[in-house]
Structure formats: structure tokens, C-alpha cells
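Visitor: Residue numbers (this note's numbering), protein chains in the order written: chain A, 476 to 891; chain B, 476 to 891.
Every residue gets a Cβ at the ideal spot worked out from N, C-alpha and C, and that includes glycine.
None of the values given here were measured: they were computed from a predicted structure.
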């Protein structure tokens, strides 16, 4: 499919993340005292859905769903409504339609806020190269992958309250740290603060019991870029035997725009060939992963940014649909607004690794930045930006920047 | 403090869980088509708070808070409102007050539903004897406690959507199981389904950054009994390296009544002496644990129940306030309605262990039930009941039964 043209001129280029082919969903605050509103990105503009609905330009299901600053109510309506809105928007914003610039707001003039209320947040570990790298560092190359890894999309529950939107500053956490040669831990600011480059799936329909992979795919509303900020030193001391906890609870940043499953349809691709056959319940009836290019850029305070990693969502060993199916096997109820992080996505090459832990090989090989600095882990003032997009024929379906700046730890977290 | 008397006669005995000293909060469904309503247990009755508020008998903060079937809105009002309501109820229900039986509903005539909307659910591992028992089984007596255990209230994020109220049937889950001598896992119904006897703390105030132990205690609204149903065989195969996931996602049952911190005030007790000094941020300025007797009863289908364990909340090594403080160290935002499970509470004696895993020593020593059966793990049809209460001078501050029946696994979870 080629670039679909819009009457919004800035959408008709190969460079924008937001051509008519995309139509990603977000929530923007116009900064004029009005309530934040649901909108659709088109070129460098936002189409105001709240206004369009209240004026009858858009109508979904008979009752207002865009009078709240979140996409949860719309997600609840289900896949038919999702398809219906996409059709209406494609018509309204397409080249032949009546230009309605009074419904457009410039992206440069607004602040994006969280697009959804996150019900619960689960973080998976579905990147094989990442799991292998981390396993090699901690257990040696022979025992790199845990025995269950090729059978289970390993995941753990994260903290929904810590999910923030792109642009939110991230404060370096305190925590219990213990060096390998120390007898006891100290309570100090994290020294090994890191990013994790992930792809996030947003669950748009609920479930009560186990769901098949096909049903799981149907439940997914769309995808975001996701940075799972990680305190490696806190994690090293706390994670046995019940997994990461405070190391992952400072913040998880998502991109402001939800790219719908429909927009990513032309970019479906299969998960990799299996060296261990999956149990039948996890096998995919068709391609359910995506070909989406990803990159990570790091900019020290007042310095130029360096792209420190490039990889692709197709490196994932388990798709979000497979993750979601596994999530329901125990009968775990899923809710509208659940967020599933993929786990860090690394490729096979050294510069395709999605965390500083891997890029600097646990600090042993600091990476060089364009401005002359080096990094093993994040420094205060560093701004991290994730970018991603699926490359079409003369157009890109992108996510917009997923960014966050690291700010200094509190002087004393318990001072009052 | 002795028994405080009420005009509700059934509240004036040493046997009831619900004397005037208690006044626990729940939500009941009268089964007559009306909306479920907030109520207060008194003897064998419930005082209808929704009706009392709408008639002006109870007034908190000027606006209606009991017109919804959940205590979240009331919790948000904060500690002064909490104290205010308790004062009003003590006056209204005390011996000298005007009897208002038209505000009473019999507990026998209603169904209790979830008292709160659980925001997020965290499960700790704060019982030393439990951690020691499990560690001994899996790693030997010398390495029983993980190295971090005496320094950190270890916890992991659970799944809020799986928390259910007492009385809800619990379906045996399916999952990936792998025996120690098997090369690959099978997908089958859980064979080692278990309970965990826990004490749950309900967070009634939010936080943004780290909070002290004193502040954490102030944020806690009350406590419930909690059964963290656990699939031991699923857990054994899945939990490395990121912790328990589907093994703990089938269900967690809580008691229908929230016993307030105020009601438990006379029963405060200190956590045990430390063999390793805690880091300053975790030290408690005063007694923040509770002396609450606990028991677990198991009744096979159509057979008498057997009390299989008796223990006490005071066995916990870390109080809920300490758990909550640790939870916030990374900057993790806490929300109104967060639920913190204590982890399994076991005592030092064989019959004071809070899980079948420990009681049957991983199935090696099945326990005998009064009806002649034995149990290593739970069988279909088994009903589990947790009970708990603080023993005062001629009265008990109790929680009501926290019960759940195990029903058979689905024949085929993916059949459609």
C-alpha cells in the first residue's frame, strides 16, 4: 500500500510519523484551561476528536466516548467500533474531503498527556538476544538462557502507577545497594540507572478465562514505544527469589501516541523459527509480530544526541498475542487498559542492544558519545529518546518520540 | 479496654467478631435489586451507611461518599474523616443511643461483595518462618533465607484483577508443569494447588515520593485476611528469573470486612528483635505490627472441617508500615486502594504453618483431616476458610470468614 494522501499537507511526506495511513490516538492538553482531549495525529497537527464528536462530525456507538481525557471508554466498545472510527477518520482526513482546519491543533502548541488509564502493567522478557546477553553476563554463556525461556513468554507484574507519558522527567531513585564484596547493603541513590527499549501492547478488551492466541490478538488495541527505566544495582540485590520490584518501580515511559493494530497491519511478520517446539496453546495461527524499526538516542545535558542503538520489533521471540495468551492461562482476568511491555529488544549486533547494561557490557566497555563523553549507565541530565516506525512504500507509520530526562536523586528522600 | 456495649444485642458477647469495639467496613448486596451499599458490621447485623448518609444520620465532609458500592471515595478523604466516621458510628450504635433497627440488615440475608476497588496488589514475603521453611525445602537448611531477606521486606507485584471477595469459588488453573526428571513441560491442570495464609493491608492515602515508616502507618486504612492461592508446580517452573507470575494470578481471596487501624489500636505489638540491624529508613518508631490470632480450616466436599493451622500476625518480621515504606523508596507512587499482602504467616510449630506446602513438607508428609482423609495439596471440592481476631478483655475484634471453594479445572481451557 502506498502513501495515502490527506488534505493536511504535512501528512503527505515520507518523513512524517503520521501520514493518513497511521492515524494514531493520543490525549492532548491545549494549555488554554480547557480539559485535555482525545485527538488523532495527522502530519504535524492533531485532529480534535472531542470537538468532532460534540459537533456530530464523528459518531461512534450512539453515546459520547470522547468527552473524557482517555481512550479507555472507546477501547471498551470493541473491534467493530475501532474499525468504524478508523473508517470515519480516513474519510474525514483524506485528500478529497472538505478541509476542516478549525478542528486542527498544532502538535507544537500542546502538551501530550497519558493516552489511557493503565489498568495493570505487565513486563515480559520476550527478547531472546537481550535474555541471552544478560544471562551470559550473570551466569556465563553456557547457562545464558534460563531453562524455561524457550517454553514460556516469561513475564512479571509491574507497577501501573509508575507509567508516565513521554516528556515526564525521571528522578534517579534511592535504594538498597550492595557490592559483590560488601557484607551489607547501603541505602543510596542508584549508581547504575538504565533504560530498556521495549514495545508496549495495549489491551483493549477484557477476558475472564484463558484466551487463544487468535483471540488475544483480537483483544489488542494498539502499540506504543516503552522505556522501562531500570535500576540495575537495586535489582541485583533485591531480585532473588521473587523478581524485580523497586528496581522497576521508578517510572516506565510510553510514547504519547497509540499506533493501532489496523495501522500496523501491512507490517505483520512472523516470530522467529523455534528451536524448541512451542506447546500448542502458544503456537500462532498467522503472523502476529511486526516489522518496526527502533532506535535509542542519548543526549547529555546541553550536548548533541547520539543514536546508541538500532534494532527492530521483529527480533522478539514471542509476540504480544502470545504473551497475552500465556498471561490468561491461570484464569487471570485481563482488563481494558492493561499494558504489556515486550521486554528489552536487542538485535544480534553490538550496536543493536536495547539497554546500557548490554551496550556497555555491565559497565566494562563504556560507549562513546558524539560529544566526546562516554557512558556506562545514565548520568543526571541525560535525555533518552526512543523512536520507532514501520517503513512503508514512501511513508512511515511512526510513534513519535518517547523521551525522558534523568534528574538528580533527592538529597535525602526522608527529609521533611 | 473492655467490651463496649451496643443497642444491637448480638454485638454484646465475647463470641462475636463484631462488637462495638470493632466496626469493620464492607459492601453488601441485599439481593433485592437495589445497588450494593457500604455497611458496618455490628453483631450479626449490618448498619446501612448509604441509607444513614442519605437520611442525614451520618455526615462526612459535606458531600456524599457512600452512594457508591466501594470504600475508595471515603478512604480518599483521609485520616480525619476516618476518625470522624468512627466517632459518629460509636455514638449511633452505642448502648445509650436511640435504637434504629430500620437501618439494620441481617448479615445472613445479604451477599458481601468486594469492599474496595483494588488499585494495585503487592504481595510481600515478610514471614520469617515461612521463608525459612520454603528455603529449607528448596535450598537446604544452611541457605534457607536468601541473603537479602534480613535487610529487605521482599515483595513482588501481584495482579489486582484477580483479587476476589470471600465466598468466590476458585477454579483450579492450568499451566506449564515440568517434573524434575522431565525434559520439557506439559500444559495441564495444576496438581499442587495451595493456600497462603496472609494479612492484607489496605492503603487509604496516596503518596508521590518515599514515605517514612510513621507516614506509611498513617496511610494505612485497615486490614483484611488474605488467601493468596498458589499453584506450586506452575511456580516451580516459571519463577526464575523474574518471580512468580501465573502461579499467583488465579485468585487472591480477601475477607469481606475491613478492620480499621483504629479498631486494632489496642493490639499493636512490635516486630521481632533483629539479628541484623535494619537500615535506618526501615526502623520503626513504635509498635506497628498486631497481635491477631489466625487459623486455617479445610473442609473436603460434604465433610467436616479441620483446623489445619493456627498462628498469629505478630510472627511477621516486617510490619505493613515497613513494607509500604520500602515500596516507596524508588519513588513508586502509591494509590488509594492499593492492597499489600504480608506473605504467608507461619509460626515455629509444625501446626502453625500457613500453607500446605509447609504443612505437608512439599507433599512428603500428608496431613490427616478429621474426616479420615489426608491432604498434601488442595483437592477439588475443598473449602478453605481463614479466620482471625484480636483477643480483647471479654471481646474479640474479628474479620469474619475468608473462604473459598476449589472447583475443578476447565476440561479444555481453549475449547470454543
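Is any beta-carbon of chain A found at less than 8 Å from that of residue 629 of chain B?
Guide: So yes, residue 629 of chain B belongs to the interface.
Visitor: So with CB distances below 8 Å, who are the chain A contacts of residue 648 of chain B?
Guide: Ordered by position in chain A, the residues that pass the 8 Å Cβ test against residue 648 of chain B are 804, 805 and 806.
Visitor: DSSP three-state label for residue 564 of chain B, please.
Guide: Helix at residue 564 of chain B.
Visitor: Can you tell me whether residue 763 of chain B is buried or exposed, with buried defined as 16 or more other CB within 10 angstroms of its CB?
Guide: It counts as buried.
Visitor: Helix, strand or coil, according to DSSP, for residue 557 of chain A in the structure here?
Guide: Residue 557 of chain A falls in the helix class under three-state DSSP.
Visitor: If you follow the beta strand (DSSP E) that residue 599 of chain B is part of, which residue opens it and which one closes it?
Guide: Its beta strand (DSSP E) spans residues 596 to 599.
Visitor: Counting only runs that start and end within the region 795 to 834 of chain A, where is the alpha helix (DSSP H) found for 4 or more residues in a row?
Guide: 795 to 803 and 831 to 834, all fully within the region 795 to 834 of chain A.
Visitor: Using the three-state DSSP reduction, which class does residue 857 of chain A fall into: helix, strand or coil?
Guide: In this structure, residue 857 of chain A counts as coil in the three-state DSSP scheme.
Visitor: Flag this pair as touching only if the region 721 to 740 of chain B and the region 646 to 664 of chain B have three or more C-beta atom pairs under 8 Å; answer yes or no.
Guide: Counting Cβ pairs under 8 Å, three or more are found: they touch.
Visitor: Determine the direct distance from the alpha carbon of residue 874 of chain A to that of residue 577 of chain B, and round the result to whole angstroms.
Guide: C-alpha separation (whole angstroms): 59 Å.
Visitor: With a floor of 3 residues, list each beta strand (DSSP E) that falls wholly inside the region 713 to 794 of chain A, ordered by position along the chain.
Guide: Counting only runs of 3 or more, we get 727 to 729, 768 to 774 and 781 to 787.
Visitor: Going by CA-CA distance only, name the one from B:803, B:579, B:817 and B:646 that's closest to residue 666 of chain B.
Guide: Comparing Cα-Cα distances from residue 666 of chain B to each of B:803, B:579, B:817 and B:646, the minimum goes to B:646.
Visitor: Checking contacts by CB at 8 Å: is residue 732 of chain B closer than that to chain A?
Guide: Closer than 8 Å: no.
Visitor: By Cβ distance below 7 Å, which residues in the same chain neighbour residue 800 of chain B in space, the five residues on each side in sequence not counted?
Guide: Once the five neighbours on either side are set aside, the close Cβ partners of residue 800 of chain B are 686, 687, 688, 691, 756 and 757.
Visitor: Show which residues of chain A have a CB atom less than 8 Å away from the CB atom of residue 591 of chain B.
Guide: Within chain A, no residue comes near residue 591 of chain B; the closest Cβ sits about 16 Å away, beyond 8 Å.
Visitor: Check whether the Cβ of residue 500 of chain A lies closer than 8 Å to any Cβ atom in chain B.
Guide: Not an interface residue.
Visitor: Residue 685 of chain A versus chain B: which residues are under 8 Å apart at the beta carbon?
Guide: Within chain B, the residues near residue 685 of chain A are 649, 885, 888 and 889.
Visitor: Using alpha carbons as the reference points, say which of A:489, A:816 and A:865 lies closest to residue 704 of chain A.
Guide: If we check each option's Cα against that of residue 704 of chain A, A:816 comes out closest.
Visitor: Taking buried to mean at least 16 other C-beta atoms within 10 Å of its own C-beta, is residue 777 of chain B buried or exposed?
Guide: By the 10 Å Cβ count, residue 777 of chain B comes out exposed.
Visitor: Identify the continuous beta strand (DSSP E) that holds residue 872 of chain B and give its terminal residues.
Guide: Taken as a continuous stretch (DSSP letters only), the beta strand (DSSP E) holding residue 872 of chain B covers 871 to 873.
Visitor: Taking only beta-carbon positions, decide if residue 588 of chain B is within less than 8 Å of chain A.
Guide: No, residue 588 of chain B does not count as interfacial toward chain A.
Visitor: Would you mind working out which of A:518, A:870, A:726 and A:507 sits nearest residue 803 of chain B, comparing C-alpha positions?
Guide: That would be A:726, whose Cα lies nearest to the Cα of residue 803 of chain B.
Visitor: Helix, strand or coil for residue 543 of chain A? Go by DSSP, reduced to three states.
Guide: It is coil, neither helix nor strand.
Visitor: Residue 472 of chain A bridges to which residues according to DSSP?
Guide: No answer is possible for residue 472 of chain A: the residues shown for chain A start at 476 and end at 891.
Visitor: Under 8 Å, Cβ to Cβ, is there at least one residue of chain A near residue 720 of chain B?
Guide: Yes, because at least one Cβ of chain A sits closer than 8 Å to the Cβ of residue 720 of chain B.
Visitor: My assumption, with CB atoms under 8 Å, is that residue 513 of chain B sits in contact with residue 495 of chain B. Please give the rounded CB distance.
Guide: With a Cβ gap of about 18 Å, residue 513 of chain B and residue 495 of chain B do not count as contacting.
Visitor: Using CA atoms only, rank isn't needed, just tell me which of A:566, A:708 and A:538 is closest to residue 498 of chain A.
Guide: For residue 498 of chain A, the nearest C-alpha among the options comes from A:566.
Visitor: Under a three-way DSSP split, which group does residue 623 of chain B fall into?
Guide: Reduced to three states, the DSSP call for residue 623 of chain B is coil.
Visitor: The region 777 to 788 of chain B: which residues have C-beta closer than 7 Å to a C-beta of chain D, in chain order?
Guide: Of the protein chains in the structure, A and B, none is chain D.
Visitor: Short check: CB of residue 773 of chain A to CB of residue 857 of chain A, under 8 Å?
Guide: Cβ distance < 8 Å, so residue 773 of chain A and residue 857 of chain A count as in contact.
Visitor: With a cut-off of 8 Å, does the C-beta of residue 754 of chain B fall near any C-beta of chain A?
Guide: So, interface residue.
Visitor: Using 8 Å for Cβ pairs, my map puts residue 632 of chain A next to residue 871 of chain B. What's the rounded Cβ distance?
Guide: Rounded, the Cβ-Cβ distance is 35 Å, inconsistent with contact.
Visitor: Give the DSSP-derived three-state secondary structure of residue 880 of chain B in the structure shown.
Guide: Three-state DSSP puts residue 880 of chain B in a strand.
Visitor: Mapping the DSSP letters down to three states, classify residue 657 of chain B as helix, strand or coil.
Guide: Of the three classes helix, strand and coil, the one that applies to residue 657 of chain B here is coil, per DSSP.
Visitor: Rounded to a whole number of angstroms, what is the C-alpha to C-alpha distance between residue 603 of chain A and residue 746 of chain B?
Guide: About 43 Å.
Visitor: Decide yes or no for the touch test of the region 594 to 613 of chain A against the region 830 to 845 of chain A: beta carbon pairs closer than 8 Å, at least 3 of them.
Guide: Taking 8 Å as the limit for Cβ pairs, the verdict is that the region 830 to 845 of chain A does touch the region 594 to 613 of chain A.
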